[in-house]
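Reviewing the structure listed below.
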Amino acid sequence: MQFTTFSITEKGYSLRDSKDQLTPLALEDMQGRSKPKTNMGAITYLLYARFKAGKFPIAMVSTDNFSENGLKLQEAILTIAKAWVENEIVEQDFYDYLINPKKVSFPWSMIDRITPNPSEKVAELLTADGFEDTEILHSQKHTNIAPFGNTEEVHYLVIEDAFPNGRPALEKAGVILTDRETVNDADQMKVTACLNPLHTALAIFGSLLDYHSIWEEVANPDLLALIKNLGYGEALPVVKNPKIINPTEFIDQLLTKRLPNKNIPDTPQRIAADTSQKIPVRYGVTIGHYIANPRFSVKELEFIPLVIAAWCRYLIGINDELESFSPSPDPLLEELQAFVAEVKLDGSQKEIHEILKPILSNHQIFPHEMYQTGLAEKIETYFEEMIQGKGAVLATLQNALKKHGKNY
1 MQFTTFSITE KGYSLRDSKD QLTPLALEDM QGRSKPKTNM GAITYLLYAR
51 FKAGKFPIAM VSTDNFSENG LKLQEAILTI AKAWVENEIV EQDFYDYLIN
101 PKKVSFPWSM IDRITPNPSE KVAELLTADG FEDTEILHSQ KHTNIAPFGN
151 TEEVHYLVIE DAFPNGRPAL EKAGVILTDR ETVNDADQMK VTACLNPLHT
201 ALAIFGSLLD YHSIWEEVAN PDLLALIKNL GYGEALPVVK NPKIINPTEF
251 IDQLLTKRLP NKNIPDTPQR IAADTSQKIP VRYGVTIGHY IANPRFSVKE
301 LEFIPLVIAA WCRYLIGIND ELESFSPSPD PLLEELQAFV AEVKLDGSQK
351 EIHEILKPIL SNHQIFPHEM YQTGLAEKIE TYFEEMIQGK GAVLATLQNA
401 LKKHGKNY
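Start counting the sequence shown at 1; every next residue gets the next number (UniProt numbering).
Take a look at the structure:
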(Lines of atoms letter the chains of each structure in order from A and count residues from 1; the text may use other names and numbers.)
(Lines give C-alpha, C1' and ligand atoms only; values in the text may rest on other atoms or scores of the structure.)
Protein backbone atom coordinates (compact mmCIF):
# COMPACT_ATOMS: atom_id res chain seq x y z
CA MET A 1 0.00 0.00 0.00
CA GLN A 2 1.39 3.40 -1.05
CA PHE A 3 -1.28 5.76 0.23
CA THR A 4 -4.82 6.02 1.52
CA THR A 5 -7.33 8.81 0.91
CA PHE A 6 -10.01 10.26 3.15
CA SER A 7 -13.35 11.85 2.34
CA ILE A 8 -15.11 12.08 5.70
CA THR A 9 -16.01 15.82 5.90
CA GLU A 10 -14.18 18.29 8.14
CA LYS A 11 -16.14 17.17 11.21
CA GLY A 12 -14.79 13.65 10.74
CA TYR A 13 -11.32 14.81 11.78
CA SER A 14 -12.41 16.73 14.84
CA LEU A 15 -11.60 15.56 18.36
CA ARG A 16 -12.90 18.75 19.99
CA ASP A 17 -16.30 20.34 20.57
CA SER A 18 -17.43 23.91 19.88
CA LYS A 19 -15.73 25.05 23.11
CA ASP A 20 -12.40 23.56 21.97
CA GLN A 21 -12.62 20.81 24.58
CA LEU A 22 -11.78 17.19 23.79
CA THR A 23 -14.98 15.20 23.31
CA PRO A 24 -15.82 12.25 25.59
CA LEU A 25 -15.28 9.83 22.69
CA ALA A 26 -11.88 11.34 21.94
CA LEU A 27 -10.88 11.08 25.60
CA GLU A 28 -12.02 7.47 25.62
CA ASP A 29 -9.89 6.69 22.55
CA MET A 30 -6.89 8.33 24.19
CA GLN A 31 -7.17 5.87 27.09
CA GLY A 32 -7.03 2.74 24.93
CA ARG A 33 -6.51 1.60 21.38
CA SER A 34 -8.37 -1.70 21.04
CA LYS A 35 -11.92 -0.40 20.50
CA PRO A 36 -11.71 3.05 18.88
CA LYS A 37 -14.81 5.24 18.97
CA THR A 38 -13.65 8.05 16.65
CA ASN A 39 -12.45 8.07 13.05
CA MET A 40 -9.09 9.38 14.20
CA GLY A 41 -8.78 6.72 16.87
CA ALA A 42 -9.45 3.99 14.31
CA ILE A 43 -6.93 5.41 11.83
CA THR A 44 -4.26 5.76 14.52
CA TYR A 45 -4.87 2.14 15.49
CA LEU A 46 -4.42 1.02 11.86
CA LEU A 47 -1.21 3.03 11.60
CA TYR A 48 0.02 1.31 14.74
CA ALA A 49 -0.68 -2.07 13.14
CA ARG A 50 1.34 -0.98 10.10
CA PHE A 51 4.13 0.20 12.38
CA LYS A 52 4.22 -3.15 14.19
CA ALA A 53 4.20 -5.05 10.88
CA GLY A 54 7.43 -3.42 9.75
CA LYS A 55 7.32 0.38 10.00
CA PHE A 56 6.25 0.56 6.37
CA PRO A 57 5.98 4.05 4.81
CA ILE A 58 2.62 5.46 3.73
CA ALA A 59 0.98 8.73 2.65
CA MET A 60 -2.24 9.68 4.46
CA VAL A 61 -4.03 11.87 1.93
CA SER A 62 -7.03 13.93 3.02
CA THR A 63 -9.19 14.90 0.06
CA ASP A 64 -11.84 16.70 2.08
CA ASN A 65 -12.83 20.18 1.02
CA PHE A 66 -11.28 22.47 3.64
CA SER A 67 -8.03 24.38 3.98
CA GLU A 68 -4.87 22.73 5.36
CA ASN A 69 -6.67 19.39 5.48
CA GLY A 70 -3.45 17.38 5.77
CA LEU A 71 -2.42 19.39 8.81
CA LYS A 72 -5.73 18.78 10.56
CA LEU A 73 -5.46 15.03 9.92
CA GLN A 74 -1.88 14.99 11.18
CA GLU A 75 -2.67 16.95 14.34
CA ALA A 76 -5.58 14.65 15.21
CA ILE A 77 -3.53 11.48 14.71
CA LEU A 78 -0.63 12.86 16.74
CA THR A 79 -2.96 13.96 19.54
CA ILE A 80 -4.14 10.40 20.05
CA ALA A 81 -0.71 8.84 19.53
CA LYS A 82 0.89 11.20 22.05
CA ALA A 83 -1.73 10.26 24.65
CA TRP A 84 -1.06 6.58 23.99
CA VAL A 85 2.65 7.12 24.58
CA GLU A 86 2.01 9.09 27.78
CA ASN A 87 -0.37 6.38 29.01
CA GLU A 88 2.20 3.70 28.13
CA ILE A 89 -0.18 2.04 25.70
CA VAL A 90 2.35 2.21 22.84
CA GLU A 91 6.07 2.81 22.60
CA GLN A 92 7.70 6.20 21.87
CA ASP A 93 9.07 4.71 18.66
CA PHE A 94 5.52 4.70 17.22
CA TYR A 95 5.18 8.45 17.73
CA ASP A 96 8.61 8.95 16.14
CA TYR A 97 7.43 6.88 13.17
CA LEU A 98 4.40 9.15 12.72
CA ILE A 99 6.40 12.38 12.79
CA ASN A 100 9.02 11.13 10.32
CA PRO A 101 7.90 12.39 6.86
CA LYS A 102 10.03 9.70 5.24
CA LYS A 103 7.78 7.15 6.93
CA VAL A 104 4.35 8.78 7.26
CA SER A 105 3.29 11.87 5.33
CA PHE A 106 0.12 13.94 5.51
CA PRO A 107 -0.06 15.72 2.14
CA TRP A 108 -2.27 18.78 1.81
CA SER A 109 -4.78 18.86 -1.02
CA MET A 110 -7.21 21.19 -2.74
CA ILE A 111 -10.33 19.64 -4.20
CA ASP A 112 -13.02 21.46 -6.12
CA ARG A 113 -16.11 19.85 -7.57
CA ILE A 114 -19.62 21.09 -6.81
CA THR A 115 -21.49 18.05 -5.47
CA PRO A 116 -24.88 18.87 -3.94
CA ASN A 117 -27.18 16.40 -2.23
CA PRO A 118 -28.53 13.59 -4.44
CA SER A 119 -31.49 14.97 -6.36
CA GLU A 120 -34.93 13.46 -6.98
CA LYS A 121 -34.72 14.81 -10.53
CA VAL A 122 -31.47 12.95 -11.16
CA ALA A 123 -32.98 9.81 -9.62
CA GLU A 124 -35.87 10.04 -12.09
CA LEU A 125 -33.46 10.38 -15.02
CA LEU A 126 -31.45 7.36 -13.86
CA THR A 127 -34.62 5.30 -13.41
CA ALA A 128 -35.68 6.20 -16.95
CA ASP A 129 -32.27 4.98 -18.16
CA GLY A 130 -32.79 1.60 -16.52
CA PHE A 131 -31.05 1.95 -13.16
CA GLU A 132 -32.95 -0.10 -10.59
CA ASP A 133 -31.59 1.23 -7.28
CA THR A 134 -32.10 5.00 -7.09
CA GLU A 135 -33.84 5.31 -3.72
CA ILE A 136 -32.87 8.43 -1.77
CA LEU A 137 -32.78 8.19 2.01
CA HIS A 138 -33.33 11.37 4.04
CA SER A 139 -31.38 11.61 7.28
CA GLN A 140 -32.40 13.44 10.45
CA LYS A 141 -29.65 15.96 9.69
CA HIS A 142 -31.41 16.94 6.45
CA THR A 143 -28.89 15.28 4.18
CA ASN A 144 -29.70 12.87 1.37
CA ILE A 145 -28.03 9.48 0.99
CA ALA A 146 -28.27 7.59 -2.28
CA PRO A 147 -26.48 4.89 -4.31
CA PHE A 148 -25.58 7.61 -6.83
CA GLY A 149 -24.03 11.05 -6.76
CA ASN A 150 -24.77 14.09 -8.90
CA THR A 151 -21.76 16.24 -9.63
CA GLU A 152 -20.32 18.46 -12.32
CA GLU A 153 -17.96 17.66 -15.16
CA VAL A 154 -15.41 20.30 -14.12
CA HIS A 155 -13.11 19.25 -11.31
CA TYR A 156 -9.77 20.12 -9.73
CA LEU A 157 -7.63 17.95 -7.48
CA VAL A 158 -4.29 19.39 -6.38
CA ILE A 159 -2.15 17.26 -4.04
CA GLU A 160 1.15 17.92 -2.31
CA ASP A 161 3.66 15.52 -3.87
CA ALA A 162 4.78 13.85 -0.64
CA PHE A 163 4.50 10.06 -1.00
CA PRO A 164 7.22 8.25 0.97
CA ASN A 165 6.24 4.86 -0.45
CA GLY A 166 5.88 6.04 -4.04
CA ARG A 167 2.68 6.58 -5.99
CA PRO A 168 1.05 5.75 -9.32
CA ALA A 169 1.06 8.32 -12.13
CA LEU A 170 -1.85 10.30 -10.70
CA GLU A 171 -1.16 13.15 -13.12
CA LYS A 172 -2.36 10.89 -15.94
CA ALA A 173 -5.80 11.04 -14.33
CA GLY A 174 -5.75 14.84 -14.19
CA VAL A 175 -4.41 15.25 -10.65
CA ILE A 176 -2.06 18.21 -10.22
CA LEU A 177 0.99 17.26 -8.10
CA THR A 178 2.96 20.14 -6.61
CA ASP A 179 4.50 21.49 -3.39
CA ARG A 180 2.63 22.40 -0.21
CA GLU A 181 2.82 26.16 -0.71
CA THR A 182 1.27 25.91 -4.15
CA VAL A 183 -1.49 23.64 -2.86
CA ASN A 184 -2.29 26.24 -0.23
CA ASP A 185 -2.18 29.09 -2.76
CA ALA A 186 -4.63 27.22 -5.00
CA ASP A 187 -6.90 26.57 -2.06
CA GLN A 188 -6.79 30.20 -0.91
CA MET A 189 -7.56 31.34 -4.45
CA LYS A 190 -10.69 29.21 -4.48
CA VAL A 191 -11.88 29.70 -0.90
CA THR A 192 -11.16 33.41 -0.41
CA ALA A 193 -11.58 34.87 -3.88
CA CYS A 194 -12.74 32.94 -6.92
CA LEU A 195 -15.49 30.54 -5.83
CA ASN A 196 -16.64 30.44 -2.23
CA PRO A 197 -17.26 34.20 -1.74
CA LEU A 198 -19.35 34.23 -4.91
CA HIS A 199 -21.26 31.15 -3.78
CA THR A 200 -22.07 32.74 -0.42
CA ALA A 201 -23.22 35.98 -2.06
CA LEU A 202 -25.63 33.98 -4.23
CA ALA A 203 -26.77 31.98 -1.20
CA ILE A 204 -27.67 35.09 0.80
CA PHE A 205 -29.33 37.08 -1.97
CA GLY A 206 -30.94 33.95 -3.39
CA SER A 207 -32.61 33.19 -0.08
CA LEU A 208 -33.84 36.77 0.27
CA LEU A 209 -35.14 36.87 -3.30
CA ASP A 210 -36.80 33.43 -2.98
CA TYR A 211 -34.63 31.47 -5.40
CA HIS A 212 -34.25 27.73 -4.98
CA SER A 213 -31.55 26.90 -7.50
CA ILE A 214 -28.17 28.42 -8.26
CA TRP A 215 -28.51 28.17 -12.03
CA GLU A 216 -31.70 30.24 -11.91
CA GLU A 217 -29.89 32.87 -9.88
CA VAL A 218 -27.06 33.37 -12.36
CA ALA A 219 -29.69 33.80 -15.09
CA ASN A 220 -30.68 36.98 -13.23
CA PRO A 221 -28.51 39.79 -14.67
CA ASP A 222 -28.39 41.67 -11.36
CA LEU A 223 -27.14 38.66 -9.39
CA LEU A 224 -24.67 37.77 -12.13
CA ALA A 225 -23.37 41.36 -12.09
CA LEU A 226 -23.04 41.17 -8.30
CA ILE A 227 -20.76 38.13 -8.31
CA LYS A 228 -18.77 39.49 -11.28
CA ASN A 229 -18.02 42.69 -9.38
CA LEU A 230 -17.28 40.69 -6.25
CA GLY A 231 -14.93 38.28 -8.01
CA TYR A 232 -13.27 40.23 -10.80
CA GLY A 233 -13.54 43.63 -9.15
CA GLU A 234 -12.72 43.11 -5.48
CA ALA A 235 -11.15 39.68 -4.93
CA LEU A 236 -8.94 39.13 -7.99
CA PRO A 237 -6.77 42.24 -7.54
CA VAL A 238 -5.42 41.02 -4.19
CA VAL A 239 -5.40 37.21 -4.48
CA LYS A 240 -2.11 35.37 -4.98
CA ASN A 241 -1.84 33.57 -8.31
CA PRO A 242 -0.97 29.89 -7.66
CA LYS A 243 0.34 29.62 -11.26
CA ILE A 244 -1.00 26.08 -11.73
CA ILE A 245 -4.53 27.50 -12.12
CA ASN A 246 -5.21 30.92 -13.63
CA PRO A 247 -7.56 32.81 -11.25
CA THR A 248 -9.22 34.85 -14.01
CA GLU A 249 -9.85 31.78 -16.14
CA PHE A 250 -11.14 29.97 -13.05
CA ILE A 251 -13.83 32.63 -12.53
CA ASP A 252 -14.56 32.71 -16.28
CA GLN A 253 -15.27 28.98 -16.21
CA LEU A 254 -17.29 29.27 -13.00
CA LEU A 255 -19.60 31.94 -14.43
CA THR A 256 -20.02 30.55 -17.94
CA LYS A 257 -20.02 26.79 -17.40
CA ARG A 258 -20.30 25.69 -13.78
CA LEU A 259 -22.88 27.88 -12.04
CA PRO A 260 -25.31 27.97 -15.02
CA ASN A 261 -25.35 24.16 -15.22
CA LYS A 262 -29.03 23.17 -14.91
CA ASN A 263 -28.09 19.56 -14.21
CA ILE A 264 -26.43 20.47 -10.90
CA PRO A 265 -29.37 20.83 -8.49
CA ASP A 266 -27.56 23.11 -6.04
CA THR A 267 -29.51 25.51 -3.86
CA PRO A 268 -28.77 28.81 -2.11
CA GLN A 269 -30.26 27.30 1.04
CA ARG A 270 -27.59 24.56 1.13
CA ILE A 271 -24.75 27.01 0.63
CA ALA A 272 -26.15 29.46 3.20
CA ALA A 273 -25.61 26.99 6.03
CA ASP A 274 -23.02 28.04 8.63
CA THR A 275 -22.45 31.45 7.02
CA SER A 276 -21.23 32.95 10.30
CA GLN A 277 -18.38 30.43 10.23
CA LYS A 278 -17.56 31.14 6.59
CA ILE A 279 -17.40 34.95 6.60
CA PRO A 280 -13.93 35.18 8.25
CA VAL A 281 -12.36 33.24 5.38
CA ARG A 282 -14.62 34.05 2.44
CA TYR A 283 -14.57 37.81 3.03
CA GLY A 284 -12.26 38.48 5.96
CA VAL A 285 -9.13 37.36 4.10
CA THR A 286 -9.76 39.74 1.20
CA ILE A 287 -10.51 42.57 3.62
CA GLY A 288 -7.19 41.80 5.31
CA HIS A 289 -5.34 41.99 1.99
CA TYR A 290 -6.79 45.46 1.36
CA ILE A 291 -5.76 46.59 4.83
CA ALA A 292 -2.22 45.20 4.49
CA ASN A 293 -1.45 46.33 0.94
CA PRO A 294 -0.63 50.06 0.65
CA ARG A 295 -1.54 49.97 -3.05
CA PHE A 296 -5.18 49.45 -2.10
CA SER A 297 -7.66 51.09 0.23
CA VAL A 298 -10.17 49.00 2.14
CA LYS A 299 -12.61 51.88 1.74
CA GLU A 300 -12.75 51.05 -1.98
CA LEU A 301 -14.75 47.92 -1.21
CA GLU A 302 -18.47 48.13 -1.97
CA PHE A 303 -19.75 44.66 -2.80
CA ILE A 304 -18.28 42.81 0.17
CA PRO A 305 -20.05 45.28 2.53
CA LEU A 306 -23.20 44.87 0.43
CA VAL A 307 -23.15 41.09 0.87
CA ILE A 308 -22.52 41.38 4.62
CA ALA A 309 -25.41 43.83 4.93
CA ALA A 310 -27.61 41.37 3.03
CA TRP A 311 -26.56 38.64 5.44
CA CYS A 312 -27.63 40.80 8.40
CA ARG A 313 -30.94 41.36 6.59
CA TYR A 314 -31.16 37.59 5.94
CA LEU A 315 -30.91 36.89 9.67
CA ILE A 316 -34.33 38.50 10.16
CA GLY A 317 -35.89 35.51 8.38
CA ILE A 318 -38.20 37.55 6.15
CA ASN A 319 -37.57 37.70 2.41
CA ASP A 320 -37.84 40.63 0.03
CA GLU A 321 -41.54 39.92 -0.52
CA LEU A 322 -41.96 40.27 3.27
CA GLU A 323 -42.69 36.54 3.61
CA SER A 324 -41.19 34.45 6.42
CA PHE A 325 -38.56 31.82 5.64
CA SER A 326 -36.34 29.56 7.75
CA PRO A 327 -32.66 30.54 7.61
CA SER A 328 -30.27 27.65 7.04
CA PRO A 329 -28.63 26.00 10.07
CA ASP A 330 -25.84 27.99 11.71
CA PRO A 331 -24.23 27.51 15.14
CA LEU A 332 -24.66 31.24 15.91
CA LEU A 333 -28.12 31.65 14.37
CA GLU A 334 -30.10 31.98 17.60
CA GLU A 335 -27.60 34.41 19.11
CA LEU A 336 -27.44 36.59 15.99
CA GLN A 337 -31.17 36.61 15.31
CA ALA A 338 -31.77 38.04 18.77
CA PHE A 339 -30.02 41.27 17.70
CA VAL A 340 -32.32 41.81 14.69
CA ALA A 341 -35.51 40.30 16.09
CA GLU A 342 -37.29 43.64 16.52
CA VAL A 343 -36.17 45.27 13.27
CA LYS A 344 -39.03 46.95 11.42
CA LEU A 345 -39.14 46.49 7.65
CA ASP A 346 -41.41 49.43 6.85
CA GLY A 347 -38.74 52.12 6.70
CA SER A 348 -39.42 53.42 10.21
CA GLN A 349 -36.53 51.66 11.93
CA LYS A 350 -34.07 53.89 13.76
CA GLU A 351 -30.86 53.15 15.66
CA ILE A 352 -29.35 50.93 12.97
CA HIS A 353 -25.91 51.32 14.51
CA GLU A 354 -27.05 50.02 17.90
CA ILE A 355 -28.72 47.01 16.25
CA LEU A 356 -25.79 45.94 14.09
CA LYS A 357 -22.86 46.86 16.32
CA PRO A 358 -22.97 43.60 18.38
CA ILE A 359 -22.83 41.61 15.14
CA LEU A 360 -20.20 43.67 13.34
CA SER A 361 -18.03 43.85 16.48
CA ASN A 362 -18.00 40.07 16.90
CA HIS A 363 -14.35 39.15 16.27
CA GLN A 364 -15.28 35.50 15.85
CA ILE A 365 -17.07 36.53 12.64
CA PHE A 366 -15.11 39.65 11.70
CA PRO A 367 -11.43 39.34 12.67
CA HIS A 368 -10.75 42.92 11.55
CA GLU A 369 -12.07 45.99 13.33
CA MET A 370 -14.95 46.77 10.99
CA TYR A 371 -15.62 50.18 12.51
CA GLN A 372 -11.99 51.23 12.22
CA THR A 373 -11.84 50.16 8.56
CA GLY A 374 -14.91 52.21 7.68
CA LEU A 375 -16.69 49.15 6.30
CA ALA A 376 -19.17 48.94 9.18
CA GLU A 377 -20.69 52.28 8.25
CA LYS A 378 -21.18 51.08 4.67
CA ILE A 379 -22.79 47.89 5.93
CA GLU A 380 -25.14 49.87 8.17
CA THR A 381 -26.10 52.14 5.27
CA TYR A 382 -26.83 49.23 2.94
CA PHE A 383 -28.77 47.45 5.69
CA GLU A 384 -30.91 50.52 6.29
CA GLU A 385 -31.72 50.66 2.57
CA MET A 386 -32.72 46.98 2.65
CA ILE A 387 -35.37 47.45 5.36
CA GLN A 388 -37.39 50.10 3.58
CA GLY A 389 -40.23 47.75 2.69
CA LYS A 390 -41.15 45.22 0.06
CA GLY A 391 -38.59 44.98 -2.75
CA ALA A 392 -35.98 46.99 -0.84
CA VAL A 393 -33.30 44.28 -1.04
CA LEU A 394 -33.44 44.09 -4.83
CA ALA A 395 -33.59 47.87 -5.10
CA THR A 396 -30.49 48.21 -2.90
CA LEU A 397 -28.61 45.70 -5.06
CA GLN A 398 -29.61 47.48 -8.26
CA ASN A 399 -28.66 50.88 -6.87
CA ALA A 400 -25.24 49.59 -5.75
CA LEU A 401 -24.60 48.13 -9.20
CA LYS A 402 -25.65 51.38 -10.85
CA LYS A 403 -23.39 53.51 -8.62
CA HIS A 404 -20.37 51.24 -8.19
CA GLY A 405 -20.65 48.32 -10.59
CA LYS A 406 -18.52 47.74 -13.65
CA ASN A 407 -19.28 45.69 -16.74
CA TYR A 408 -17.08 42.60 -16.74
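All C-beta atoms in this analysis are idealised placements derived from N, C-alpha and C, irrespective of residue type, glycine included. From a predicted model like this one, the values you see are computed outputs, not experimental measurements.
* To do: List the endpoints of the continuous alpha helix (DSSP H) containing THR286.
  => Working through the sequence shown from its first residue, we reach residue 286 at position 286. Taken as a continuous stretch (DSSP letters only), the alpha helix (DSSP H) holding THR286 covers 284-292.
* Asked: Quick one: any contact between the stretch 243-256 and the stretch 323-330, if contact means 3 or more CB pairs under 8 Å?
  -> no
* Indicate the three-state DSSP secondary structure (helix, strand or coil) for residue 422 in the structure shown. => Outside the displayed span of the chain (1 to 408) sits residue 422, for which this structure offers no information.
* **Unbroken stretches of the beta strand (DSSP E), 3 residues or longer, contained in the stretch 40-68** => 58-62
* **the stretch 221-240 in contact with the stretch 160-174 per 3-pair CB rule at 8 Å** => no
* To do: Between the Cα of LEU208 and those of PRO164, MET110, LEU255 and SER326, spot the shortest distance and give me the residue it belongs to.
  => Position 208 of the sequence shown, counted from the first residue, corresponds to residue 208. Out of PRO164, MET110, LEU255 and SER326, SER326 has the C-alpha closest to the C-alpha of LEU208.
* Quick one: which unbroken beta strand (DSSP E) runs of 3-plus residues sit fully inside the stretch 226-285? Chain order, please. => none
* Status (buried if at least 16 other CB within 10 Å, exposed otherwise) for PRO24 -> Counting from one through the sequence shown, the residue named residue 24 turns up at place 24. Classification of PRO24: exposed, given that the 10 Å Cβ count is below 16.
* Sufficient close CB pairs (3 or more, under 8 Å) joining the stretch 68-77 to the stretch 117-132 -> no
* To do: Would you check if the distance between the CB atom of THR9 and the CB atom of ASP64 is smaller than 8 Å?
  => Indexing the sequence shown from 1 puts residue 9 at position 9. Indexing the sequence shown from 1 puts residue 64 at position 64. In this structure, ASP64 lies closer than 8 Å to THR9 by Cβ.
* Are GLN349 and ILE387 closer than 8 Å when you measure CB to CB? -> On the sequence shown, position 349 is the one that residue 349 refers to. On the sequence shown, position 387 is the one that residue 387 refers to. In contact: GLN349 and ILE387 (Cβ atoms closer than 8 Å).
* Please name the residue, chosen from GLN364, GLU384 and TYR156, that lies closest to HIS353 on a Cα-to-Cα basis. => Locating residue 353 in the sequence shown gives position 353, counting from the first residue. Minimum Cα distance to HIS353 is reached at GLU384.
* N- and C-terminal bounds of the beta strand (DSSP E) containing VAL122 -> As a position in the sequence shown, residue 122 is number 122, starting the count at 1. Element bounds for VAL122: not the beta strand (DSSP E) but the alpha helix (DSSP H), 120-128.
* Asked: Which value, in whole angstroms, describes the spacing of the CA atoms of TRP84 and VAL61?
  -> If you number the sequence shown from 1, residue 84 lands on position 84. If you number the sequence shown from 1, residue 61 lands on position 61. One C-alpha to the other measures close to 23 Å.
* Asked: Within this structure, are the beta carbons of VAL183 and TRP108 separated by less than 8 Å?
  -> As a working note, residue 183 is residue 183 in the sequence shown. As a working note, residue 108 is residue 108 in the sequence shown. Going by C-beta atoms, VAL183 is nearer than 8 Å to TRP108.
* **Endpoints, the alpha helix (DSSP H) within which ILE204 is located** => Within the sequence shown, numbered from 1, the residue matching residue 204 stands at position 204. Per DSSP, ILE204 belongs to the alpha helix (DSSP H) from 196-208.
* Cα-Cα separation between THR151 and LEU195, rounded to whole angstroms -> For the purposes of this step, residue 151 is identified with residue 151 of the sequence shown, where counting begins at 1. For the purposes of this step, residue 195 is identified with residue 195 of the sequence shown, where counting begins at 1. Taking the straight line joining both Cα atoms gives about 16 Å.
* Asked: What's the C-alpha gap between GLU351 and ALA201?
  -> Locating residue 351 in the sequence shown gives position 351, counting from the first residue. Locating residue 201 in the sequence shown gives position 201, counting from the first residue. Each residue's Cα considered, the two are about 26 Å apart.
* Status (buried if at least 16 other CB within 10 Å, exposed otherwise) for THR248 -> Stepping through the sequence shown from its first residue, residue 248 is reached at position 248. Flag for THR248 reads exposed.
* To do: Look up ASP222 in the DSSP assignment and say whether it is helix, strand or coil.
  => To locate residue 222, count along the sequence shown from 1; it is residue 222. Helix.
* Grab the span of the beta strand (DSSP E) containing ASP330 for me, first residue to last. => Here the question's residue 330 lines up with position 330 in the sequence shown. Note, ASP330: premise wrong, no beta strand (DSSP E); not H, not E.
* So, PHE3 versus PHE163, is the Cβ gap smaller than 8 Å? -> Locating residue 3 in the sequence shown gives position 3, counting from the first residue. Locating residue 163 in the sequence shown gives position 163, counting from the first residue. Their beta carbons are under 8 Å apart, which means PHE3 touches PHE163 by this criterion.
* Asked: How big is the Cα-Cα spacing for ALA49 and LEU322?
  -> Along the sequence shown, one-based indexing puts residue 49 at 49. Along the sequence shown, one-based indexing puts residue 322 at 322. Those two C-alpha atoms are separated by around 60 Å.
* Specify whether the stretch 360-371 and the stretch 277-292 touch according to this definition: at least 3 beta carbon pairs, one from each stretch, less than 8 Å apart. => yes
* Close Cβ partners of PHE51 (< 7 Å) along its chain, the five nearest in sequence each way excluded -> The residue labelled residue 51 in the question sits at position 51 within the sequence shown. Result list for PHE51: PHE94 and TYR97, in chain order.
* To do: Tell me where the beta strand (DSSP E) around ASP112 begins and ends.
  => Counting from 1 along the sequence shown, the entry for residue 112 is found at position 112. Its beta strand (DSSP E) spans residues 109-112.
* Asked: Under a Cβ-count criterion, where at least 16 other Cβ atoms within 10 Å of its own Cβ denotes burial, should residue 415 be classed as buried or exposed?
  -> Past the edges of the chain, shown from 1 to 408, lies residue 415, and the structure says nothing about it.
* Closest to LYS390 by CA distance: which of GLY405, GLU380 and GLY347 is it? -> What you label residue 390 is simply residue 390 of the sequence shown in a count that begins at 1. Taking only the C-alpha atoms, the option nearest LYS390 is GLY347.
* Rounded separation between THR275 and ASP161 - CA only -> Reading the sequence shown from its first residue, position 275 is the one you call residue 275. Reading the sequence shown from its first residue, position 161 is the one you call residue 161. Between THR275 and ASP161, the C-alpha separation is close to 32 Å.
* Candidates MET1, LEU254, PHE6 and GLY41, of which the one nearest LEU15 by Cα -> Here residue 15 corresponds to residue number 15 of the sequence shown, with the count starting at 1. Closest by alpha carbon: GLY41.
* Could you check the C-alpha separation between MET110 and LEU177 for me, to the nearest Å? => Working through the sequence shown from its first residue, we reach residue 110 at position 110. Working through the sequence shown from its first residue, we reach residue 177 at position 177. Each residue's alpha carbon lies about 11 Å from the other.
* Could you check if ALA341 is buried or exposed, using at least 16 other CB atoms within 10 Å of its CB as the buried criterion? => For this step, residue 341 is matched to residue 341 along the sequence shown. Looking at its Cβ environment, which holds fewer than 16 other Cβ atoms inside 10 Å, ALA341 is exposed.
* Asked: Hey, quick one: how far does the alpha helix (DSSP H) through GLU351 stretch, first residue to last?
  -> By 1-based counting over the sequence shown, the position of residue 351 is 351. Taken as a continuous stretch (DSSP letters only), GLU351 belongs to no alpha helix (DSSP H), as it is neither H nor E.
* Looking only at its own chain, which residues have a Cβ that is under 6 Å from the Cβ of ASP185, when we skip the five neighbours before and after it? -> Counted from its first residue, the sequence shown places residue 185 at position 185. Around ASP185: LYS240 and PRO242.
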